[in-house]
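>
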Amino acid sequence: MRTRFLPSRLGVPQLLLSSLALAALPLADAADNSAPTAAAPKQAKAFDPHDLRGIWMQTRDRPFKSYPFTPEYEAIYKQRRADEAAGKPFQVAENRCLPAGLAASMTTGAYPIEIFYQKGDQEILIQKENLGAIYRVFLNRPHKSADELYPMFYGDSVGHWEGDVLVVDTISLGATSALDLIAPHSDALHVIQRFHRISYDTLEDELTFDDPKALTHPVTGVAIYRYEPDWELEEYECTNERLIFENGGAQTIGPGHTP
């Protein structure tokens, strides 16, 4: 959950004037036919496009509507849909209190993200307000060698600036198997993100998914985030003690524990 601090709403009192009060008001000068003064345009807030720090909330528009699956992964996707319709939904990592993974975290906006800089701005941390959703972007090194990598939830992410755009390249994402909540991906998934702060309160994240096993070609979509300077990220804990999974995949909710 998150906390918001919102300004109070002030009502505007209605002004009631008697006929005597109205009579006391000065009459408008009949010779003054000048047009009313136009309101000055609102000044845009200044911002540094290289400063992405703070809390951002993704808008409701999702970056991807569908994916060009290979025949093998189209079959996996259809099976997951069929299981869902039969009451045996695909168990995403979060249902078992595991991290959602990079792709799902950056495409499904149920929770805000917070961006931090550290180590002399050579390392960027992106945290989402749900279980284990934090990953590091290293600006001062290349990808690790193949013998150092292993299947990870958020992968090995390295970045660099191209003008005002932060380009983040992520590999080794084999610990998860869903691009969002149900669409499958393989251990070959490669994600490129291009973060661009286009105004004080708007951040674009252009995502490209390249997965030669699961997709017939790379796909690109854009997630939009709004700056929320008055929000705070709160503690998030996950427990699945009440979820009961049968061998066939059926799921039931057990009774709550009593103290």
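Numbering (my numbering), first residue to last: 1351 to 1609.
All residues carry an ideal CB built from backbone N, CA and C; glycine is no exception.
#1: Does DSSP put Leu1452 in a helix, in a strand, or in coil?
#2: Would you give the residue range spanned by the beta strand (DSSP E) that Asp1560 belongs to?
#3: Measuring alpha carbon to alpha carbon, tell me which residue in His1510, Ser1522, Cys1588, Arg1486 is nearest Asp1497.
#4: From Asp1551, His1540, Pro1418, pick the residue whose C-alpha is nearest to that of Leu1402; which is it?
#5: Nearest by alpha-carbon distance to Ser1507: which of Glu1424, Tyr1417, Arg1544, Glu1578 is it?
#6: Can you give me the C-alpha to C-alpha distance between Leu1489 and Val1515, rounded to a whole angstrom?
#7: Give the straight-line distance between the Cα atoms of Val1572 and Val1541, rounded to the nearest whole angstrom.
#8: Could you give the DSSP three-state label for Ala1380: helix, strand or coil?
#9: DSSP three-state call for Lys1478: helix, strand or coil?
#10: By Cβ distance below 6 Å, which residues in the same chain neighbour Thr1558 in space, the five residues on each side in sequence not counted?
#11: Helix, strand or coil, according to DSSP, for Gln1393 in the structure here?
#12: Going by CA-CA distance only, name the one from Leu1531, Lys1478, Gly1470, Pro1501 that's closest to Glu1582.
#13: My output table needs one value for Ile1426: the three-state DSSP class, helix, strand or coil.
#14: Taking all protein chains shown into account, decide if Pro1579 is buried (16 or more other Cβ within 10 angstroms of its Cβ) or exposed.
#15: Alpha carbon to alpha carbon, what distance is there between Val1442 and Ile1532?
#16: In whole angstroms, what separates the C-alpha of Tyr1575 from that of Lys1438?
#17: Alpha carbon to alpha carbon, what distance is there between Gln1472 and Lys1494?
#18: Grab me the residues of Ile1405's own chain with a C-beta within less than 6 Å of its C-beta, minus the 5 sequence neighbours each way, in chain order.
#19: Using a threshold of 9 Å, state whether the C-beta atoms of Tyr1423 and Leu1565 are closer than that.
#20: Taking C-beta to C-beta, are Ala1528 and Phe1419 nearer than 9 Å?
#21: Rounded to whole angstroms, what's the CA-CA distance from Phe1466 to Glu1556? Just pull it up for me.
#22: Take Ala1394 as the anchor and find which of Ile1474, Gly1505, Ile1548 has the nearest alpha-carbon.
#23: Out of His1535, Phe1414, His1546, Asp1519, state which residue places its alpha-carbon closest to the alpha-carbon of Arg1430.
#24: Decide if Gln1468 is buried, meaning its Cβ has at least 16 other Cβ atoms within 10 Å, or exposed.
#25: I need the straight-line Cα distance from Ala1483 to Pro1421, nearest angstrom please.
This is what the structure gives:
#1: Start at 1 with the first residue of the sequence shown, and residue 1452 comes out as number 102. Three-state result, Leu1452: helix.
#2: Along the sequence shown, read from residue 1 onward, the residue named residue 1560 stands at position 210. Here the beta strand (DSSP E) through Asp1560 covers 1552-1560.
#3: Along the sequence shown, read from residue 1 onward, the residue named residue 1497 stands at position 147. For the residues His1510, Ser1522, Cys1588, Arg1486, the minimum Cα distance to Asp1497 belongs to Ser1522.
#4: On the sequence shown, position 52 is the one that residue 1402 refers to. The shortest C-alpha separation from Leu1402 is found at Asp1551.
#5: Within the sequence shown, numbered from 1, the residue matching residue 1507 stands at position 157. Here the closest residue by C-alpha is Arg1544.
#6: Stepping through the sequence shown from its first residue, residue 1489 is reached at position 139. Stepping through the sequence shown from its first residue, residue 1515 is reached at position 165. Spanning the two alpha carbons is a distance of roughly 13 Å.
#7: By one-based count along the sequence shown, residue 1572 stands at place 222. By one-based count along the sequence shown, residue 1541 stands at place 191. So the two alpha carbons sit approximately 13 Å from each other.
#8: For the purposes of this step, residue 1380 is taken as residue 30 along the sequence shown, with counting starting at 1. Note on Ala1380: pLDDT 42, under 50, position unreliable in the model; no value is reported.
#9: Start at 1 with the first residue of the sequence shown, and residue 1478 comes out as number 128. Note: Lys1478 maps to strand in three-state DSSP.
#10: By 1-based counting over the sequence shown, the position of residue 1558 is 208. If we look at Thr1558 and ignore the five residues flanking it on each side, its Cβ neighbours are Ile1542, Pro1568, Thr1570.
#11: Numbered from its first residue, the sequence shown carries residue 1393 at position 43. Reduced to three states, the DSSP call for Gln1393 is coil.
#12: Residue 1582 sits at position 232 when you count from the first residue of the sequence shown. For Glu1582, the nearest C-alpha among the options comes from Lys1478.
#13: One-based indexing of the sequence shown puts residue 1426 at position 76. DSSP places Ile1426 in helix when its eight states are reduced to three.
#14: On the sequence shown, residue 1579 is found 229 positions in, with the first residue counted as 1. Burial call: exposed.
#15: In the sequence shown, counting from the first residue as 1, residue 1532 sits at position 182. In the sequence shown, counting from the first residue as 1, residue 1442 sits at position 92. Roughly 7 Å separates the two Cα atoms.
#16: For this step, residue 1575 is matched to residue 225 along the sequence shown. For this step, residue 1438 is matched to residue 88 along the sequence shown. Cα to Cα, the separation comes out at about 33 Å.
#17: Start at 1 with the first residue of the sequence shown, and residue 1494 comes out as number 144. Start at 1 with the first residue of the sequence shown, and residue 1472 comes out as number 122. If you take the alpha carbons of Lys1494 and Gln1472, they lie about 16 Å apart.
#18: Numbered from 1 along the sequence shown, position 55 holds the residue referred to as residue 1405. The answer, listed in chain order, is Pro1462, Glu1464, Glu1578, Trp1581.
#19: In the sequence shown, residue 1423 corresponds to position 73, counting from 1. In the sequence shown, residue 1565 corresponds to position 215, counting from 1. Yes, Cβ-Cβ distance for Tyr1423 and Leu1565 is below 9 Å.
#20: Along the sequence shown, read from residue 1 onward, the residue named residue 1528 stands at position 178. Along the sequence shown, read from residue 1 onward, the residue named residue 1419 stands at position 69. Going by C-beta atoms, Ala1528 is not nearer than 9 Å to Phe1419.
#21: Position 116 of the sequence shown, counted from the first residue, corresponds to residue 1466. Position 206 of the sequence shown, counted from the first residue, corresponds to residue 1556. Each residue's alpha carbon lies about 19 Å from the other.
#22: The sequence position of residue 1394 within the sequence shown is 44, counting from 1. Among Ile1474, Gly1505, Ile1548, the Cα nearest to that of Ala1394 belongs to Ile1548.
#23: Here the question's residue 1430 lines up with position 80 in the sequence shown. Nearest option by C-alpha distance: His1535.
#24: As a first step, residue 1468 must be located in the sequence shown, where it is residue number 118. When all chains shown are included, Gln1468 counts as exposed.
#25: Taking the sequence shown and counting its residues from 1, one reaches residue 1483 at position 133. Taking the sequence shown and counting its residues from 1, one reaches residue 1421 at position 71. Going from the Cα of Ala1483 to the Cα of Pro1421 covers about 31 Å.
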